Structure formats: C-alpha cells, structure tokens
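> Below: one structure in structure tokens.
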C-alpha cells in the first residue's frame with residue numbers, strides 16, 4: 040500500500056519528551072483506504088507523543104463526523120464519532136506486534152507512518168448500529184418513504200406450517 044506522507048512523523052533526531060501533533064483527516068484519506076465503508080467525513084486527530092530512550096508512547100484523541108449509510112432506511116447521515124487510543128512502540132530487532140497497543144519496531148527506524156493506525160481507529164469508532172438519530176420528540180428521522188416501502192415488503196400472513204409450534208409450552 041502506498042504511504043500517505045501527511046501522516047508520517049520523523050522520530051530520528053527528535054528530542055526525548057512530549058511532542059504534540061494535530062492531523063486533519065478528510066475525504067482523500069477516507070477514499071485512500073478502500074475497505075472503509077465511508078468516503079465522506081472529517082476527523083481531527085490530536086496526537087501526544089512521549090519519546091523515551093527505549094520506546095515511544097502515543098496517545099490519540101479522535102473527534103469528528105462521518106457520513107454513514109443508515110441501517111434502517113439506507114440514506115446517508117452524519118454520525119458524530121470520537122475515541123481515545125494508545126499505542127506503544129518499543130525499539131527492538133525487527134517488527135513484531137505484541138498486542139493491539141504494543142508494537143516492536145527496529146531501533147534504526149527513522150520515521151513512523153500513523154496512517155494505518157488512524158484507519159484502524161476510525162473503523163473502531165464506527166457504531167455497530169448505524170441509524171439516524173431521533174429528533175427531540177423521540178421520533179425517527181429516517182427516510183419515511185423508504186421505511187414505508189420496507190414495511191410493505193413484510194409478509195402479511197403467517198405461514199400456517201408454524202402454527203403447531205405456538206402450542207408448545209415452555210417451563
């Protein structure tokens with residue numbers, strides 16, 4: 040996969056201690072990763088990097104809005120997303136992923152590409168159920184025409200073969 044140069048942090052020669060970065064993720068980033076189910080949106084990533092002699096400790100705070108397809112009516116809607124994540128990069132011999140949060144990188148690594156981590160964090164922030172939010176009165180803001188079409192597709196009569204199962208008594 041082609042590297043995204045805007046999301047690379049040079050670490051060689053960087054002083055020990057805390058460093059702050061802010062990245063803006065927009066449509067070009069979202070379209071770059073083909074597996075992502077969203078192409079429109081904006082996410083701000085605040086990165087705090089604490090560089091020590093044997094490791095780099097990253098804290099990520101992501102906030103933004105993604106345009107997602109509604110699971111009920113299939114219309115697109117803007118879904119607010121936010122999350123906090125941590126990543127520890129330890130220096131070692133070769134690349135090794137110890138856990139979701141701890142990765143070993145070669146000691147001579149001169150820069151860190153954060154784009155893949157941003158991609159993964161954005162995917163983790165997408166809710167399992169993607170639905171239009173309700174209005175102030177608690178009513179759905181879904182496309183009413185589409186909901187009505189879907190309701191018309193539901194079977195009106197029950198299949199009589201299943202009637203005998205209704206008589207089963209459970210303790």
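Residue numbers (my numbering): 40 to 210.
Note that CB positions come from ideal geometry on N, CA and C, so glycine has one too.
Predicted model only: the values in this text are computed from it and were never measured.
Whose CA, out of 149, 100 and 56, lies closest to the CA of residue 63?
Considering only alpha carbons, the answer is 100.
> Give the DSSP-derived three-state secondary structure of residue 162 in the structure shown.
Correct three-state label for residue 162: helix.
> Could you check what DSSP says for residue 44 in three-state terms: helix, strand or coil?
Helix.
> Which class does residue 129 belong to by DSSP, given the choice of helix, strand or coil?
Strand.
> For residue 185, which residues in the same chain have their Cβ closer than 6 Å to its Cβ, ignoring the five residues on either side in sequence?
The answer, listed in chain order, is 112.
> From what residue to what residue does the beta strand (DSSP E) around residue 81 run?
Here the beta strand (DSSP E) through residue 81 covers 80-90.
> Considering only the alpha carbon of each residue, which of 198, 92 and 85 lies closest to residue 56?
With distances taken between Cα atoms, residue 56 lies closest to 92.
> Would you check if there are 3 or more beta carbon pairs closer than 8 Å linking the region 189-202 to the region 117-134?
Segments in contact, no.
> Which two residues bound the contiguous beta strand (DSSP E) that contains residue 150?
That run of the beta strand (DSSP E) goes 150-152.
> Within 10 Å of its beta-carbon, does residue 46 have 16 or more other beta-carbons around it, so buried, or fewer, so exposed?
Classification of residue 46: buried, given that the 10 Å Cβ count is 16 or more.
> Would you kindly work out how many angstroms separate the C-alpha atoms of residue 81 and residue 205, rounded to a whole number?
So the alpha carbons of these two residues sit roughly 51 Å apart.
> Mind checking who residue 116 pairs with in its DSSP beta bridge?
DSSP output for residue 116 lists 107 as bridge partner(s).
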